[in-house]
Amino acid sequence: MQDVLKVALIQTDLIWENPEKNRENFSKKFKNLSEDVDLTILPEMFTSGFTMNAKAIAETMQGDTVTWMQQMASKHNTAIVGSIVVTEDNKFYNRLLFVTPNGTLQYYDKRHTFTLAGEDKVYSTGIKKLIIDYKGWKICPLICYDLRFPVWSRNTEDYDVLLYVANWPKPRIAAWDALLKARAIENMSYCIGVNRVGIDGLNIEYSGNSAVYDLFGNEISNVEVHKEQIEIITLQKEHITRYREKLKFLDDSDDFTVL
């Protein structure tokens, strides 16, 4: 088990519905990592932007992006997480992929599809929460709109890190800021949100506001808004264990089951 986890947040613009160009851009960003990191986080639908044109850009689990993620993870010795559009059994999924340096792949399908944009009409809903054990850290990865639903992220697994990959628009960015902080406090965990910047193919603007919060809701990152940036943060396991043992807030949680 590692006492620290070094995490890179890649806040960037995305090229609309162009997986090849987006992979090329991220390959360049991996080369620009200033130091070795354990985990690199990319935005939601990082190969396309938040598109409902699933047929045009969907890939299989044996497709180019999965192969690319495995190659990048091995080459740069970092786990990589981000979501892409996946087709499987004649359905489409907004699927988060977590790839380790040795090529191991785990995935999570977005539970809460964004009805305001019609995501529910295009993409099938996920039914399983994913908890990843990586280097002795328990990580719960979720996707964008999931952030609005605290019951789904409820920390019944004693995870250490809750993370969200997103395409969260600028007009509602105050909610993003507030909810990331709230999720950290209520779950007594680190909470990380990685959002994109720029303007997508539907003329929707994104300001980024990527951030990392500790379990008290203190922001420990320094990512500028409206700017492409790579932020590297070191998480301390001792911060989690010390204050959970001292305060024991999670022990007082209501007992119920999410179906």
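Residue 90 in numbering that gives the first Met the number 0 sits at position 91 of the sequence shown, with consecutive numbering throughout. Glycine is no exception: its CB is placed at the ideal position from the N, C-alpha and C atoms. Note that the structure is a prediction, hence the values are computed from the model and not measured.
Pairwise C-alpha distance: residue j and residue i
| i | j | result |
| --- | --- | --- |
| Val-218 | Asn-21 | Before going on, a small fix: residue 218 reads as Glu here, not Val. Approximately 29 angstroms between the Cα atoms of the pair. |
| Asp-88 | Lys-245 | 48 angstroms |
| Ala-292 | Glu-34 | No statement about residue 292 is possible, as the shown extent of the chain runs from 0 to 258 and does not include it. |
| Phe-91 | Gly-62 | 14 angstroms |
| Val-98 | Gln-69 | 6 angstroms |
| Val-257 | Arg-195 | 30 angstroms |
| Ala-177 | Thr-124 | 25 angstroms |
| Lys-5 | Gln-235 | 9 angstroms |
| Ser-209 | Glu-58 | 27 angstroms |
| Tyr-122 | Ser-188 | 30 angstroms |
| Gln-10 | Leu-41 | 7 angstroms |
DSSP three-state assignment for residue i, whether helix, strand or coil
| i | result |
| --- | --- |
| Ile-239 | helix |
| Tyr-106 | strand |
| Gln-69 | helix |
| Tyr-212 | strand |
| Asn-273 | Lying before the first or after the last residue shown, residue 273 is absent from the chain, which here runs from 0 to 258. |
| Tyr-144 | helix |
| Leu-234 | strand |
| Asp-12 | coil |
| Glu-204 | strand |
| Ile-172 | helix |
| Asp-132 | strand |
Cβ separation of residue i and residue j, assumed to be a contact under 8 angstroms, to the nearest whole Å
| i | j | result |
| --- | --- | --- |
| Leu-261 | Arg-241 | Residue 261 is absent from the structure shown; the chain starts at 0 and stops at 258. |
| Val-80 | Leu-38 | 7 angstroms |
Environment of residue i [buried if 16+ CB atoms lie within 10 Å]
| i | result |
| --- | --- |
| Asn-186 | buried |
| Phe-215 | exposed |
| Asp-108 | buried |
| Met-71 | buried |
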